[in-house]
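For the record, the sequence lines run as chains A and B.
Following the UniProt record's numbering, the numbering of the first sequence begins with 1 at its first residue and continues without gaps.
Following the UniProt record's numbering, the numbering of the second sequence begins with 1 at its first residue and continues without gaps.
See structure below.
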Amino acid sequence: MFAAIRKYKWQYLMIMPAVVLLLLFSYVPMAGIQVAFKNFHIGYTIWNSPWTGFENFAFLQDSQFWLVVRNTLYIAFLKFVFGFPAPIILALMINEVSRGGFKRFVQSVSYLPHFFSWIVVAYILQSLLTLDNGLVNQLIVSLGGDPVFFLGSTEWFRPMVVVSGLWKEVGWNTILYLAAITTIDPQLYEAAKVEGAGRLAQIRHITFPGILPTISIVLILSMPSLIAVGMDQIYPLMNPANQPVADVLDTYILRSGLQQGYFGMATAVGLLSSVISLLLVLVTNQMARKINGEGLW
Amino acid sequence: MKRSTSEKIGQALITLILLVLCLSVLYPFMYMLAISLNVGSDAAKGGVYLWPRKFTLSNFQIVLGNSVIQHSYLITILRTIVGTFSGLLVTLLAAFALSYRQMPARKTLLTLILITMLFSGGLIPFYIQLYNLSLINTFWVYILPSAFSAWNMFVMLKFIHGIPEALIESAEMDGAKPPRVLFSIIIPLSKPMLAALGLFTGVMHWNDWFAGAFFVSDQDLIPVQTFLQQLLSAQDISVVMGSNNNVEALARGSNLSEVTLMSVKMATVMVSAIPILCVYPFLQKYFVKGVMIGSVKG
Numbered sequence: 001m002f003a004a005i006r007k008y009k010w011q012y013l014m015i016m017p018a019v020v021l022l023l024l025f026s027y028v029p030m031a032g033i034q035v036a037f038k039n040f041h042i043g044y045t046i047w048n049s050p051w052t053g054f055e056n057f058a059f060l061q062d063s064q065f066w067l068v069v070r071n072t073l074y075i076a077f078l079k080f081v082f083g084f085p086a087p088i089i090l091a092l093m094i095n096e097v098s099r100g101g102f103k104r105f106v107q108s109v110s111y112l113p114h115f116f117s118w119i120v121v122a123y124i125l126q127s128l129l130t131l132d133n134g135l136v137n138q139l140i141v142s143l144g145g146d147p148v149f150f151l152g153s154t155e156w157f158r159p160m161v162v163v164s165g166l167w168k169e170v171g172w173n174t175i176l177y178l179a180a181i182t183t184i185d186p187q188l189y190e191a192a193k194v195e196g197a198g199r200l201a202q203i204r205h206i207t208f209p210g211i212l213p214t215i216s217i218v219l220i221l222s223m224p225s226l227i228a229v230g231m232d233q234i235y236p237l238m239n240p241a242n243q244p245v246a247d248v249l250d251t252y253i254l255r256s257g258l259q260q261g262y263f264g265m266a267t268a269v270g271l272l273s274s275v276i277s278l279l280l281v282l283v284t285n286q287m288a289r290k291i292n293g294e295g296l297w
Numbered sequence: 001m002k003r004s005t006s007e008k009i010g011q012a013l014i015t016l017i018l019l020v021l022c023l024s025v026l027y028p029f030m031y032m033l034a035i036s037l038n039v040g041s042d043a044a045k046g047g048v049y050l051w052p053r054k055f056t057l058s059n060f061q062i063v064l065g066n067s068v069i070q071h072s073y074l075i076t077i078l079r080t081i082v083g084t085f086s087g088l089l090v091t092l093l094a095a096f097a098l099s100y101r102q103m104p105a106r107k108t109l110l111t112l113i114l115i116t117m118l119f120s121g122g123l124i125p126f127y128i129q130l131y132n133l134s135l136i137n138t139f140w141v142y143i144l145p146s147a148f149s150a151w152n153m154f155v156m157l158k159f160i161h162g163i164p165e166a167l168i169e170s171a172e173m174d175g176a177k178p179p180r181v182l183f184s185i186i187i188p189l190s191k192p193m194l195a196a197l198g199l200f201t202g203v204m205h206w207n208d209w210f211a212g213a214f215f216v217s218d219q220d221l222i223p224v225q226t227f228l229q230q231l232l233s234a235q236d237i238s239v240v241m242g243s244n245n246n247v248e249a250l251a252r253g254s255n256l257s258e259v260t261l262m263s264v265k266m267a268t269v270m271v272s273a274i275p276i277l278c279v280y281p282f283l284q285k286y287f288v289k290g291v292m293i294g295s296v297k298g
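Set out below in structure tokens:
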């Protein structure tokens, strides 16, 4: 035992910084979940504050909380329904482009928004949609319509989040699918052509089945972030006017915890959301194992 | 081979859709650039779509003359450099150590790392821990919590496993200790992977506004993105006009009355976006490779 440890002393030394950081920033916070069942205030430690049982879970009877849950699920659903198939369709379209120059141009341009922050995206939305002199409202007015207060409207918030999310990530998310397409055996297409299969038939019977394993992996990997609907994206766009539809679990945790100081209650909400995420991953991984014969781990 | 009419129409349709997509990506930047280079009071009348109508640099002079912005820029650059370097180092050291399959406790360590990818304590316990470690309101809150990345570790591990073991074994025969193996074999062979992961880590640091907004209250420590986030909901331009070296000079030229909140906002966001637009074409080949390395499951 000691001999083995001595033999690998360099390796243990090298992994030490990572272990310390994991302990400090992942495992101690996990132990900190007990705050959800305690009456914690700054000044106490997570260990010596008094237990309160399920007192912090009183939010479960708060209608505001259920509104936030509804908003979260609604946005998660919309983002998934539009955000999951879109890169697959885009990758199939890019693959149909025969001119190499145009294909590379489309790829370069569509990857670009991934590299900008959600704050920059919020600025773009503001410049295009603001009530006085936003580009879209200029157009609406010049066509004889009444300007729309997009940024402060409850109806336009969800479309705004879905479209800007697509705009930022759809191109980037095609990379894996395009890579998978290049690994498909070209002889399959040749054979299909001989059989007289058109482009659509080739996509349906060769390209799509060829990227199906990639699709299932991406599906599993997207599960943990499914109900973390992108607080990075939503927080900058949220304002008092659209809050009734914009407030999601993460912004609720942020507000009640960091801004109002209800640490125990905010931790309890966070715990619920972490557990749901974990369940989603485990269930999809099990399903992938059944369908593909193997999961992610 | 003859193509049917319907396939030609399909091709044309696809080309059209892709062109519209590209335009939707590029146009907002051209629009924001045009507004930021136009006299603010003039742009407010509307009608500036593609080119500035009354050209001016005063919006940029105001933005670049603001000492808070200058300082936030410095913080962003510093955290990007320190964060990327330390992130790659800590993660690579861990991945290299774990690439020794015979190492005792290897499985346990890997499992412990995997768990952190699936479950976390959540924001509040994390914040309490930052508070207990006295990291709140320090520069290190940008660096330390993200210095080890579980995801990047697994990507690196998989890459290292792809390096022929014979190379490492022959070096070990010659008496090379692990640090030597790492620096003379692993790192030179991992350059494309390190470049890609370094790029992703760098972009993450460059774009992060969250830590600056919630873990730091000292205005001298906020990065550009957090400044932008504060400016996003600003109701007047005093945020940018205060502590500004260029305001006096501009006031003498009586340009000041023509500056609007929108024109200053657009100039600020362009100042944060232009560096990325400039380096993007050169880095492309690295990140596509990087996504591929990470894609095949390990």
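Positions of the beta carbon are idealized from the N, C-alpha and C atoms, including for glycine.
Coil, strand or helix - residue i by DSSP
i, result
"residue 151 of chain B", "helix"
"residue 237 of chain B", "coil"
"residue 136 of chain B", "coil"
"residue 172 of chain A", "coil"
"residue 45 of chain B", "coil"
"residue 95 of chain A", "helix"
"residue 133 of chain A", "coil"
"residue 4 of chain B", "coil"
"residue 280 of chain B", "helix"
"residue 262 of chain A", "coil"
"residue 290 of chain A", "helix"
"residue 300 of chain A", "The requested residue 300 of chain A does not occur in the structure, where chain A is confined to residues 1 to 297."
"residue 8 of chain A", "coil"
"residue 298 of chain B", "Any reading at residue 298 of chain B is ruled out, since the residue's pLDDT is 35, under 50, leaving its predicted position unreliable."
Whole-angstrom distance between residue j and residue i, CA atom to CA atom
i, j, result
"residue 253 of chain A", "residue 200 of chain A", "47 Å"
"residue 151 of chain B", "residue 149 of chain A", "41 Å"
"residue 162 of chain A", "residue 71 of chain A", "13 Å"
"residue 1 of chain B", "residue 171 of chain A", "The predicted model places residue 1 of chain B with a pLDDT of 47, which falls under 50 and marks its position as unreliable, so this point remains unresolved."
"residue 273 of chain A", "residue 280 of chain B", "36 Å"
"residue 298 of chain B", "residue 155 of chain B", "With a pLDDT of 35 at residue 298 of chain B, under the threshold of 50, the modelled position of this residue cannot be trusted, and the question is left open."
"residue 125 of chain A", "residue 19 of chain A", "42 Å"
"residue 64 of chain A", "residue 122 of chain B", "20 Å"
"residue 12 of chain B", "residue 139 of chain A", "28 Å"
"residue 152 of chain A", "residue 179 of chain B", "57 Å"
"residue 98 of chain B", "residue 115 of chain B", "16 Å"
"residue 25 of chain B", "residue 112 of chain A", "8 Å"
"residue 103 of chain B", "residue 94 of chain B", "12 Å"
"residue 189 of chain A", "residue 78 of chain A", "35 Å"
"residue 274 of chain B", "residue 207 of chain B", "13 Å"
"residue 74 of chain B", "residue 223 of chain B", "8 Å"
First through last residue of the alpha helix (DSSP H) which encompasses residue i
i, result
"residue 52 of chain B", "Residue 52 of chain B -> no alpha helix (DSSP H), and no H or E assigned at all."
"residue 205 of chain B", "191 to 207"
"residue 107 of chain B", "106 to 118"
"residue 228 of chain A", "Per DSSP, residue 228 of chain A belongs to no alpha helix (DSSP H) and is neither H nor E."
"residue 76 of chain B", "67 to 98"
"residue 250 of chain A", "249 to 253"
"residue 210 of chain B", "210 to 214"
"residue 177 of chain B", "First-last for residue 177 of chain B: undefined, no H or E at that position."
"residue 214 of chain A", "208 to 222"
"residue 301 of chain A", "Given a span of 1 to 297 for chain A in the structure shown, any question on residue 301 of chain A remains unanswerable."
"residue 190 of chain A", "186 to 194"
Same chain only: Cβ atoms within 8 Å of residue i, ignoring 5 sequence neighbours per side
i, result
"residue 172 of chain B", "181"
"residue 260 of chain B", "40, 41, 43, 44 and 237"
"residue 271 of chain A", "33 and 36"
Spatial neighbours of residue i in its chain, beta-carbon cut-off 6 Å, leaving aside the 5 residues before and after
i, result
"residue 267 of chain A", "35 and 36"
"residue 300 of chain B", "Given a span of 1 to 298 for chain B in the structure shown, any question on residue 300 of chain B remains unanswerable."
"residue 127 of chain A", "none"
"residue 196 of chain B", "286, 287, 289 and 290"
"residue 226 of chain B", "209, 212 and 213"
7 Å Cβ shell around residue i - same chain, five flanking residues per side excluded
i, result
"residue 265 of chain B", "231"
"residue 185 of chain B", "167, 168 and 171"
"residue 105 of chain A", "none"
*When you check each C-beta in the region 273 to 289 of chain B against every C-beta of chain A, which residues fall closer than 7 Å?*
273, 276, 280, 284 and 288
*Scan the region 190 to 224 of chain B for residues whose Cβ lies nearer than 7 Å to a Cβ of chain A and list them as they occur along the chain.*
203, 207, 209, 210 and 214
*Using a Cβ-Cβ cut-off of less than 9 Å, give me the residues of the region 126 to 144 of chain B that come near chain A, in sequence order.*
126, 127, 128, 129, 130, 131, 132, 133 and 144
_Residues within the region 177 to 207 of chain A neighbouring chain B, beta-carbon criterion of under 7 Å_ = 179, 198 and 199
*Near-chain B residues of the region 151 to 179 of chain A - C-beta to any C-beta below 7 Å*: 167, 175, 176 and 179
*Going along the chain, which residues of the region 171 to 190 of chain B sit with their C-beta nearer than 7 Å to a C-beta in chain A?*
177, 178 and 179
*Of all the residues that make up the region 53 to 73 of chain B, which are near chain A by a beta-carbon distance shorter than 8 Å?*
none
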